[in-house]
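**Q** Taking UniProt numbering, the leading residue of the sequence shown gets 1, the next gets one more, and so forth. Starting off with a structure, shown below.
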Amino acid sequence: MKVARFHAPGDIRLEEVPEPVARPGEVKIRVRNCSTCGTDVKIYRFGHHHIRPPRVMGHEIAGEIVELGEGVTGWSPGDRVQVIAAIPCGRCEECRRGHLTVCPNQESMGYHYDGGFAQYMVVPAKVLAVDGLNRIPDGVGFAEASLAEPLACVLNGQELARVGEGDDVVVVGSGPIGCLHVRLARSRGAARVFLADLNAERLTMAADLVRPDAAICSGETDLVDEVLKLTGGRGADVVITAAASGAAQRQALQMAARQGRISFFGGLPKDDPIIACDSNLVHYRELTIVGANGSSPAHNARALRLIADGAVPVADLITHRLGLDEVMDAIDVVARGAAIKVTIEP
């Protein structure tokens with residue numbers, strides 16, 4: 001079978017390898033869609049400390065079961081499934097307390113285990129042990145189902161930031177994650193959702209799809225001033241920084257309303273993770289700052305239901321569909337910001 005394997009930074013190879021076999025407790029699937037994200041670009045450029053090459057990349061996975069390992073029950077060949085990316089251990093103190101997204105023993109598809117840039121792949125027993133294999137609801141295509149994983153991460157972030165009825169929400173970053181934040185915030189009852197980005201062309205492409213109440217090009221105008229104008233000087237109830245930008249995190253403090261919530265959704269580069277924080281703004285405005293780290297298996301299941309119910313449409317966010325032999329083109333398109341969502345169809 002064909003796979004796209006990471007060997008070293010700058011070195012991803014399309015290779016022929018033997019098909020995997022499902023061992024006890026495992027499930028083998030035919031990959032129908034594995035969508036790409038900015039993390040794939042970072043892995044290609046810099047590698048990752050959790051990846052021991054060679055490793056098949058890809059972690060936004062949907063397909064159909066073709067083989068069951070010994071001892072697997074409740075599943076059948078032909079079942080359409082979506083696979084979690086982040087695998088909590090299910091046994092540590094954090095997992096026992098229900099904090100699965102911050103499991104210190106977390107492993108990941110495409111990092112610790114071969115991922116979905118392949119014609120076939122094996123779902124590890126650890127995934128099944130934490131209910132991380134989800135049935136794709138009727139009416140949801142494989143490509144849409146592959147977006148359940150990023151939507152699950154967005155859902156975790158908005159639950160932590162308590163996005164809800166009547167909120168004014170600012171989303172900074174108009175990539176696929178930012179687009180999902182806009183749509184999820186609307187489904188959770190936000191009154192207005194504003195989308196911001198430095199890149200005017202990318203912002204326009206995203207805004208044409210998700211239709212925010214205002215699109216703010218922060219490369220051409222002062223983002224904080226514009227948000228204050230749009231909110232009558234009050235500021236936003238929720239600010240979500242869906243970009244790896246320390247500047248955006250600093251600005252979030254300035255444009256949050258009193259008792260506002262700020263989600264540092266996008267992590268910062270490891271060599272530059274420190275920002276200046278005006279703690280008096282946090283103190284006197286009673287601001288809440290939350291992080292957001294991936295998603296739990298339950299988030300993935302709920303994300304699939306949001307897609308199936310039409311609460312969060314995702315099909316139109318898939319702007320490019322490419323074959324497995326075009327995986328380098330996919331990574332290039334994502335790196336250039338020339339797409340919203342790119343999916344690989346092996």
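Glycine included, every Cβ here is placed at the ideal spot set by N, Cα and C. Note that the structure is a prediction, hence the values are computed from the model and not measured.
Out of curiosity, what's the CA-to-CA distance linking Ala8 and Val282?
**A** Counting from 1 along the sequence shown, the entry for residue 8 is found at position 8. Counting from 1 along the sequence shown, the entry for residue 282 is found at position 282. If I take the Cα positions, the gap works out to 42 angstroms.
**Q** Taking all protein chains shown into account, decide if Ala315 is buried (16 or more other Cβ within 10 angstroms of its Cβ) or exposed.
**A** By 1-based counting over the sequence shown, the position of residue 315 is 315. Burial call: exposed.
**Q** Is the segment 50-64 in contact with the segment 26-38, if contact means three or more CB pairs nearer than 8 angstroms?
**A** yes
**Q** Determine the extent of the beta strand (DSSP E) in which Met121 is found, giving its start and end residues.
**A** Counting from one through the sequence shown, the residue named residue 121 turns up at place 121. Note, Met121: beta strand (DSSP E), Tyr120 to Val123.
**Q** Helix or strand or just coil, what does DSSP make of Asp208?
**A** As a position in the sequence shown, residue 208 is number 208, starting the count at 1. Asp208: helix per DSSP, three-state reduction.
**Q** If you compare alpha carbons, which of Thr231, Ile318 and Glu345 is closest to Ala338?
**A** To locate residue 338, count along the sequence shown from 1; it is residue 338. Out of Thr231, Ile318 and Glu345, Ile318 has the C-alpha closest to the C-alpha of Ala338.
**Q** Mind checking if Ile262 is an interface residue toward chain C, Cβ cutoff 8 angstroms exclusive?
**A** Checking the listed chains, one finds no chain C in this structure; it contains a single protein chain.
**Q** Straight-line CA distance for Tyr284 to Pro53?
**A** Taking the sequence shown and counting its residues from 1, one reaches residue 284 at position 284. Taking the sequence shown and counting its residues from 1, one reaches residue 53 at position 53. Using only the alpha carbons, I get a separation of about 49 angstroms.
**Q** Looking only at its own chain, which residues have a Cβ that is under 7 angstroms from the Cβ of Cys179, when we skip the five neighbours before and after it?
**A** Taking the first residue of the sequence shown as 1, we reach residue 179 at position 179. Excluding positions up to five away in sequence, the list reads Ala206, Leu209, Val210, Leu317 and Ile340.
**Q** If you draw a straight line from the alpha carbon of Leu147 to that of Tyr113, how long is it in whole angstroms?
**A** Counting from one through the sequence shown, the residue named residue 147 turns up at place 147. Counting from one through the sequence shown, the residue named residue 113 turns up at place 113. Cα to Cα, the separation comes out at about 20 angstroms.
**Q** Thinking Pro137 and Leu304 are a contact (beta carbons under 8 angstroms), I'd like their distance in whole angstroms, please.
**A** In the sequence shown, residue 137 corresponds to position 137, counting from 1. In the sequence shown, residue 304 corresponds to position 304, counting from 1. That pair is a contact at about 6 angstroms.
**Q** If you drop the 5 nearest sequence neighbours on each side, which residues of the same chain put their C-beta closer than 8 angstroms to that of Thr241?
**A** The sequence position of residue 241 within the sequence shown is 241, counting from 1. Around Thr241: Val172, Gly173, Ala248, Gln249, Ala252, Ile262, Ser263, Phe264, Phe265 and Gly266.
**Q** Could you give the DSSP three-state label for Gly178: helix, strand or coil?
**A** What you label residue 178 is simply residue 178 of the sequence shown in a count that begins at 1. The answer is helix: DSSP assigns Gly178 an H, G or I state.
**Q** Quick check on Asp309: does DSSP put it in helix, strand or coil?
**A** Counting from 1 along the sequence shown, the entry for residue 309 is found at position 309. Asp309 falls in the helix class under three-state DSSP.
**Q** Using the rule of at least 16 other Cβ atoms within 10 Å of the residue's Cβ for burial, across every protein chain shown, is Pro346 buried or exposed?
**A** In the sequence shown, residue 346 corresponds to position 346, counting from 1. By the 10 Å Cβ count, Pro346 comes out buried.
**Q** How about Phe117 and Val327: are their beta carbons less than 8 angstroms apart?
**A** On the sequence shown, position 117 is the one that residue 117 refers to. On the sequence shown, position 327 is the one that residue 327 refers to. Phe117 places its beta carbon less than 8 angstroms from that of Val327.
**Q** In chain order, what residues of the same chain lie with their CB nearer than 6 angstroms to the CB of Gln259, ignoring the 5 residues before and after it?
**A** Numbered from its first residue, the sequence shown carries residue 259 at position 259. Excluding sequence neighbours, Gln259 sits near Glu286.
**Q** Hey, would you say Gly235 sits closer than 8 angstroms to Ala256, going by beta carbons?
**A** Locating residue 235 in the sequence shown gives position 235, counting from the first residue. Locating residue 256 in the sequence shown gives position 256, counting from the first residue. It is a contact, given that the beta carbons lie within the stated cut-off.
**Q** Taking the alpha-carbon positions, what's the Leu203 to Arg45 distance?
**A** For the purposes of this step, residue 203 is taken as the residue at position 203 of the sequence shown. For the purposes of this step, residue 45 is taken as the residue at position 45 of the sequence shown. Each residue's Cα considered, the two are about 24 angstroms apart.
**Q** So Ala247 is in the alpha helix (DSSP H); what residue range does that whole segment cover?
**A** Position 247 of the sequence shown holds residue 247. Note, Ala247: alpha helix (DSSP H), Gly246 to Met255.
**Q** Gly90 and Val130 look like a contact to me (Cβ under 8 angstroms); what is the Cβ gap, rounded to whole Å?
**A** Counting from 1 along the sequence shown, the entry for residue 90 is found at position 90. Counting from 1 along the sequence shown, the entry for residue 130 is found at position 130. About 5 angstroms; that satisfies the 8 angstroms criterion.
**Q** Excluding sequence positions up to five away, which residues of its chain have a Cβ less than 6 angstroms from the Cβ of Cys153?
**A** As a first step, residue 153 is located in the sequence shown; it is residue number 153 there, counting from the start. The answer, listed in chain order, is Gly294 and Ser295.
**Q** Could you give the distance in angstroms between the alpha-carbon of Pro273 and the alpha-carbon of Gly139?
**A** Against the sequence shown, residue 273 aligns to sequence position 273. Against the sequence shown, residue 139 aligns to sequence position 139. So the alpha carbons of these two residues sit roughly 42 angstroms apart.
**Q** What do you reckon, are the CB atoms on Val224 and Phe194 nearer than 8 angstroms?
**A** In the sequence shown, the residue the question calls residue 224 occupies position 224. In the sequence shown, the residue the question calls residue 194 occupies position 194. The answer is no: Cβ separation not under 8 angstroms.
**Q** Please list, in chain order, all residues of the same chain as Gly323 whose beta carbon is under 8 angstroms from its beta carbon, the five residues on each side excluded.
**A** Residue mapping note: residue 323 aligns to position 323 of the sequence shown, counting from 1. Sequence-distant Cβ neighbours of Gly323 in its own chain, meaning closer than 8 angstroms and more than five residues away, are Ile344, Glu345 and Pro346.
**Q** Taking 8 angstroms as the cut-off, decide whether the C-beta atoms of Ala4 and Val56 are in contact.
**A** Here the question's residue 4 lines up with position 4 in the sequence shown. Here the question's residue 56 lines up with position 56 in the sequence shown. Yes; because the gap between Cβ atoms is below 8 angstroms, this pair is in contact.
**Q** Between the Cα of Gln119 and the Cα atoms of Gly58, Gly98 and Arg186, which residue gives the shortest distance?
**A** The count along the sequence shown starts at 1 and reaches residue 119 at position 119. Out of Gly58, Gly98 and Arg186, Gly58 has the C-alpha closest to the C-alpha of Gln119.
**Q** Tell me the start and end of each unbroken beta strand (DSSP E) in the segment 78-130 that is at least 3 residues and wholly inside, in chain order.
**A** 80-83 and 120-123
**Q** From which residue to which residue does the beta strand (DSSP E) around Glu67 run?
**A** Counting from one through the sequence shown, the residue named residue 67 turns up at place 67. Note, Glu67: beta strand (DSSP E), Glu60 to Leu68.
**Q** Going by beta carbon distance, what residues of the same chain come within less than 6 angstroms of Gly47, once the five residues before and after it are set aside?
**A** Position 47 of the sequence shown holds residue 47. Answer for Gly47: Pro9, listed in chain order.
**Q** Should Asp213 and Leu14 be called a contact, given that it needs their Cβ atoms to be closer than 8 angstroms?
**A** Walking along the sequence shown from the start, residue 213 turns up at place 213. Walking along the sequence shown from the start, residue 14 turns up at place 14. Result no, Cβ atoms of Asp213 and Leu14 do not sit closer than 8 angstroms.
**Q** Determine the extent of the beta strand (DSSP E) in which Gly323 is found, giving its start and end residues.
**A** Residue numbering aside, residue 323 sits at position 323 when the sequence shown is read from its first letter. It spans Ile318 to Gly323 - the beta strand (DSSP E) in which Gly323 sits, taken as one unbroken run.
**Q** Short of 7 angstroms in beta carbon distance, which residues of its chain neighbour Leu133, apart from the five on each side in sequence? Order them along the chain.
**A** By one-based count along the sequence shown, residue 133 stands at place 133. Same-chain partners within the cutoff: Val27, Val81, Val83, Val123 and Val127.
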